[in-house]
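Visitor: Counting in our numbering, the sequence shown runs without a single skipped number right up to 545 at its last residue.
I have a structure here, written as structure tokens, and I will follow up with some questions on it.
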Amino acid sequence: MLIKSPRGWERPLSQSTPESLFRNRRSLVKALAAGPILAAAPFALSGCDDAPKVAAKPPEPDPSAHLYPVSRNERYTLDRPITPAVLATSYNNYYEFGSSKSVVREAQALPLRPWMVSIDGLVEKPIEIGVDELLQKMPLEERLYRHRCVEAWSMDVPWSGFALKALVDMAKPLSGARYLQMASFQNPKVAPGQKSSWYPWPYVEGVTLAEATNELAFIATGAYGKPLPKQNGAPLRLTLPWKYGFKSAKGLVRFTFTDTRPVSFWERIQGREYGFWANVNPEVSHPRWSQASERVLGRDGGKVPTRLYNGYGEYVAHLYKDMKDERLFM
Ligand SMILES: Nc1nc2c(c(=O)[nH]1)N[C@H]1C(S)=C(S)[C@@H](COP(=O)(O)O)O[C@H]1N2
Ligand SMILES: [Mo]
């Protein structure tokens, strides 16, 4: 098969420069600032300049709406302001719905119920559980986390959700389990990006069990005191604040405990640039751009320095201290 270059998947994550992304974002910020309707309905954004001409169907109510807001865990604090919700919920990476940053409208096509989750592989007893039953069993809380995309932009989000460790404990992994692989939904009927068969769908990510049970590893089910918007990964989205954003897989349907290191979506596509560990490190450049600093979403002006482990070293540095031969920061 002949695939002409540049391939679609090579655009934003591997060919765009951080600068071009920043320019796009600035125009988005301007467009949003000019749109009072958008500002009033941050979770119901359609594109900035191409709002639908016909009245859209009102979104179906989220059956988990009554769970929010949840109380904030004050252990996780930020040293910079929370990103305005209108930005964090309208500037997205979600390749299932397209390779641009504007996928809000496309993502609304994803049906959130029924939403079954499989927990399988090396566990005492594999289960399938509906997301609402899972939410009942998990201890929900709010956490303020930094998010650092490999493309050198960042944001600061109040996620609601639960510690991934709570799910691991419920799953009762067998002693041979060393990794947790997580897979996103697969439904090309509603996700146009999944019609491109050269992507290795579904989106898959993985962590070691030590990482999965680290206190920072979090499954987001909400943001800004409400159920998670579809474009941000509803109903279940991994959140690993010390790693580059592509590790935080969205729309999760499957948690598989395994003895083999998972090969994740971007690693399969371009393993030289996107590896398994993907820990944030300002001193290790992406092969085609520096990771030394980042543009904070919604903040005008210069870049701010990026921090080792995205500022979370005290929680996670010990996990890697004996791994001298691994590409920990790629
Ligand atoms: N299933 C899936 N998960 C995904 C992605 C994706 O394309 N598909 N993009 C990742 C990347 S590169 C980033 S930076 C974050 C973006 O999350 P946000 O849109 O909520 O900011 O989602 C991550 N999770
Ligand atoms: Mo990203």
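The C-beta atom is built at its ideal place from N, Cα and C for all residues, glycine as well.
Can you tell me the Cα-Cα spacing of THR436 and ASN429, whole angstroms?
Guide: Approximately 18 Å between the Cα atoms of the pair.
Visitor: Between LEU337 and the rest of its own chain, which residues show a CB-CB distance below 7 Å, the 5 nearest in sequence each way excluded?
Guide: Hits under 7 Å: PRO388, LEU389, GLY391, ALA392, PHE472, THR473 and ASP474.
Visitor: Could you please give the first and the last residue of the uninterrupted beta strand (DSSP E) stretch that includes GLU509?
Guide: That run of the beta strand (DSSP E) goes 508-511.
Visitor: Cβ of GLY460 within 7 Å of any heavy atom in ligand 2?
Guide: It does: the Cβ of GLY460 is within 7 Å (strictly closer) of some heavy atom of ligand 2.
Visitor: On the DSSP letters alone, give me the boundaries of the beta strand (DSSP E) that VAL468 sits inside.
Guide: Note, VAL468: beta strand (DSSP E), 467-473.
Visitor: Go ahead and label HIS533 buried or exposed: buried means 16 or more other beta carbons lie within 10 angstroms of its beta carbon, across all protein chains shown.
Guide: Exposed.
Visitor: Apply the 10 Å Cβ neighbour rule to CYS538 and answer buried if 16 or more other Cβ atoms are within range, or exposed otherwise.
Guide: Checking the displayed sequence, the identity of residue 538 turns out to be Met instead of Cys. Flag for MET538 reads exposed.
Visitor: State yes or no: is the C-beta of SER479 within less than 8 Å of the C-beta of GLY421?
Guide: Yes. Within cutoff.
Visitor: Please name the residue or residues paired with ASP335 in a DSSP beta bridge.
Guide: Note: ASP335 sits in a beta bridge opposite THR471.
Visitor: In whole angstroms, give me the CA-to-CA distance for LEU523 and PRO273.
Guide: The straight-line gap from Cα to Cα measures roughly 43 Å.
Visitor: Put ASN525 into one of helix, strand or coil per three-state DSSP.
Guide: Correct three-state label for ASN525: helix.
Visitor: Quick check: the region 311-324 against the region 357-370, are at least 3 beta-carbon pairs closer than 8 Å?
Guide: Output reads no: the region 311-324 does not touch the region 357-370.
Visitor: Rounding to the nearest angstrom, what Cα-Cα distance links TYR414 and ASP347 in this structure?
Guide: Each residue's alpha carbon lies about 30 Å from the other.
Visitor: Let me know if GLY345 comes out buried or exposed under the rule of 16 or more other beta-carbons within 10 Å of its beta-carbon.
Guide: Result: exposed.
Visitor: Is GLU298 buried or exposed, if buried means 16 or more other CB atoms sit within 10 Å of its CB?
Guide: It is Thr, not Glu, that sits at residue 298 in the sequence shown. With 16 or more Cβ atoms within 10 Å of its Cβ, THR298 is classed as buried.
Visitor: Does the beta-carbon of PRO520 have 16 or more other beta-carbons within 10 angstroms, so that it is buried, or is it exposed?
Guide: Exposed is the call here.
Visitor: Give, in chain order, every unbroken run of the beta strand (DSSP E) that is at least 3 residues long and sits entirely within the region 404-490.
Guide: Here the runs fully enclosed are 419-423, 433-438, 452-454 and 467-473.
Visitor: Give the DSSP bridge partners of ILE342, in chain order.
Guide: ILE342 is bridged to ILE334.
Visitor: Please report the residue range of the beta strand (DSSP E) in which GLU321 lies.
Guide: No beta strand (DSSP E) holds GLU321; the alpha helix (DSSP H) holding it covers 319-322.
Visitor: Looking only at its chain, what residues have a beta carbon closer than 8 Å to the beta carbon of MET331, apart from the 5 residues adjacent to it on each side?
Guide: Answer for MET331: GLU343, ILE344, GLY345, VAL346 and VAL468, listed in chain order.
Visitor: If you run the structure through DSSP and keep just helix, strand and coil, what is LEU302?
Guide: LEU302 falls in the helix class under three-state DSSP.
Visitor: Tell me whether the beta-carbon of SER399 lies closer than 8 Å to the beta-carbon of ALA464.
Guide: Yes, the Cβ-Cβ distance between SER399 and ALA464 is below 8 Å.
Visitor: What residues match up with ASP371 in a beta bridge as DSSP calls it?
Guide: According to DSSP, which records beta bridges pairwise, ASP371 is partnered with ARG361.
Visitor: What I want to know is whether the C-beta of ALA464 ends up closer than 7 Å to one or more non-hydrogen atoms of ligand 4.
Guide: Absent from the structure shown: ligand 4. Ligands present: ligand 1 and ligand 2.
Visitor: Where do the ends of the alpha helix (DSSP H) carrying MET385 lie?
Guide: Here the alpha helix (DSSP H) through MET385 covers 379-386.
Visitor: Determine, using beta carbons only, whether PHE470 and MET353 come nearer to each other than 8 Å.
Guide: No, the pair does not count as a contact, with Cβ atoms beyond the cut-off.
Visitor: Which residues bound the beta strand (DSSP E) around SER399?
Guide: From DSSP, the beta strand (DSSP E) with SER399 extends over 394-399.
Visitor: Between TYR489 and the rest of its own chain, which residues show a CB-CB distance below 6 Å, the 5 nearest in sequence each way excluded?
Guide: Excluding positions up to five away in sequence, the list reads TRP481 and GLU482.
Visitor: DSSP on GLU275, reduced to helix/strand/coil?
Guide: Note: GLU275 maps to coil in three-state DSSP.
Visitor: With THR454 and ILE484 assumed to form a contact (beta carbons below 8 Å), what rounded beta-carbon distance in angstroms separates them?
Guide: Not a contact, Cβ separation roughly 22 Å.
Visitor: Rounding to the nearest angstrom, what Cα-Cα distance links GLU541 and VAL499 in this structure?
Guide: If I take the Cα positions, the gap works out to 13 Å.
Visitor: Hey, would you say the C-beta of GLN446 is under 7 Å away from at least one heavy atom of ligand 1?
Guide: Result yes, Cβ under 7 Å from ligand 1.
Visitor: May I ask you to report which of helix, strand or coil DSSP gives GLU356?
Guide: The answer is strand: DSSP assigns GLU356 an E or B state.
Visitor: Check this for me: beta carbons of PRO417 and LYS410, under 8 Å apart or not?
Guide: No, they are not a contact pair.
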